[in-house]
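One structure below.
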């Protein structure tokens, strides 16, 4: 017998829920901030631009450190319940203490080693066990029972790297908006491509999570291989390709409309806010902006 409620409310569920809710808030915050930065670069200094820019920047600046703390707790929970996923995320092959944090590597599953490693000594042990001598699980303890290493390792680094960049950008922008009531042009230019950073980090996180659970559909209960239906692989690939193409087109259309609205507002001096930003009076920026 299978307890479906236990599967649904599994040990990672509360951590994953909080992590995803914060990710959603950050995605929207950077969307608003990035489009507002585009308006700023086009010379728009309307009240709606300042309102949208400050809303996006300050919301992101508040949420991102909370997200980092939530992610740390999520990782510790994963270490307890899915140690092989953590081993893949860290590309750590042998269980032991004083495990370095691998910043860059090309994991080689055939040779059971990493190539071109760049590491921080004892870093993984400090992060996961809060001690240099902390023992971190290795992939060699789970022969045939761990996920593919390369996509999990790099998916995790894309997520974390994007998150750290979001922290640096949001805090820098918050500093300039709070202290100088303006944005340096290089920072505003950086914020424009950061419009999609929330999606990038979220997708990388889900790749890490879902590929990282393999070969299990329900860890320790049901393997993915035992749950697949009698559908040809070519049919699954075609369906995936169609879904992917559809959602890419929808995303392009969505971003295209928002960029068009932002540019139109900057050109026309429109004082209405971007979608999702409250139209509430606020104090005008200091003179000289």
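Residue numbers (this note's numbering): -12 to 276.
Glycine residues also receive a C-beta, built at the ideal position from the N, C-alpha and C atoms.
Assumed close pair residue i, residue j - CB separation to whole angstroms, cut-off 8 Å
| i | j | result |
| --- | --- | --- |
| residue 75 | residue 136 | 5 Å |
| residue 189 | residue 69 | Incorrect: roughly 20 Å between the Cβ atoms, too far for contact. |
| residue 174 | residue 160 | 6 Å |
| residue 153 | residue 21 | Not confirmed; about 11 Å, so no contact. |
Rounded C-alpha distance that separates residue i from residue j
| i | j | result |
| --- | --- | --- |
| residue 86 | residue 185 | 30 Å |
| residue 246 | residue 19 | 11 Å |
| residue 176 | residue 142 | 26 Å |
| residue 170 | residue 46 | 17 Å |
| residue 62 | residue 73 | 8 Å |
| residue 130 | residue 13 | 38 Å |
| residue 41 | residue 168 | 10 Å |
| residue 157 | residue 222 | 43 Å |
| residue 203 | residue 52 | 32 Å |
| residue 4 | residue -8 | 16 Å |
| residue 16 | residue 43 | 4 Å |
| residue 56 | residue 178 | 24 Å |
| residue 215 | residue 230 | 19 Å |
| residue 79 | residue 140 | 10 Å |
| residue 218 | residue 197 | 21 Å |
| residue -5 | residue 166 | 47 Å |
Buried/exposed call for residue i, threshold 16 Cβ in 10 Å
| i | result |
| --- | --- |
| residue 38 | buried |
| residue 226 | exposed |
| residue 239 | exposed |
| residue -10 | exposed |
| residue -3 | exposed |
| residue 213 | exposed |
Bounding residues of the alpha helix (DSSP H) (the contiguous stretch that carries residue i)
| i | result |
| --- | --- |
| residue 25 | 0 to 28 |
| residue 189 | 184 to 199 |
| residue 116 | 110 to 116 |
| residue 149 | 136 to 166 |
| residue 314 | Nothing in the structure corresponds to residue 314, since the chain is present only between -12 and 276. |
| residue 41 | 34 to 68 |
Proximal residues to residue i (C-beta, below 8 Å), its chain only, five neighbours per side dropped
| i | result |
| --- | --- |
| residue 10 | 54, 185, 188, 189, 192 |
| residue 105 | 89, 90, 91, 92 |
| residue 96 | 135, 136, 137 |
Contacting residues, own chain, Cβ-Cβ under 6 Å from residue i (five flanking each side not counted)
| i | result |
| --- | --- |
| residue 275 | Legend: pLDDT at residue 275 = 43, less than 50; position of this residue unreliable, value from coordinates given subsequently. There are no such residues. |
Beta-carbon contacts of residue i that lie in its chain and below 7 Å, excluding the five residues immediately before and after
| i | result |
| --- | --- |
| residue 84 | 112, 120, 121, 122 |
| residue 65 | -1, 72, 73 |
| residue 194 | 138, 142 |
N-terminal and C-terminal residue of the beta strand (DSSP E) that residue i is part of
| i | result |
| --- | --- |
| residue 203 | 203 to 205 |
| residue 89 | 88 to 95 |
| residue 100 | 100 to 107 |
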